[in-house]
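What follows is the structure, encoded as structure tokens:
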């Protein structure tokens with residue numbers, strides 16, 4: 001299971017529930033999308049990415065790999 005959220009201090013965060021979630025394909029897929037492991041928060045991060053579409057794209061990629069994913073972002077304001 002993963003949590004995917006934007007964070008003001010870390011950019012886009014993809015946090016696994018446990019090390020069992022870090023399959024070889026998952027780690028390679030996150031790296032291919034520009035994520036790097038941040039041992040301080042024990043999650044993958046991609047700097048300066050707070051776009052709701054990036055949250056949805058990352059969550060979708062993880063779901064396609066068979067993970068359960070919780071994701072959240074601030075809704076866009078509509079005029």
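In the UniProt record's numbering, the protein residues as written are 1 to 79.
For every residue, glycine included, the Cβ atom is placed at its ideal position computed from N, Cα and C.
How big is the Cα-Cα spacing for residue 18 and residue 65?
16 Å
Simplified DSSP assignment, three categories, for residue 51
coil
Considering residue 29, what are the terminal residues of the alpha helix (DSSP H) in which it resides?
24 to 32
Can you tell me which residues form a DSSP beta bridge with residue 44?
14 and 37
Nonlocal neighbours in the same chain, by C-beta distance under 6 Å from residue 72, ignoring five residues either side:
5
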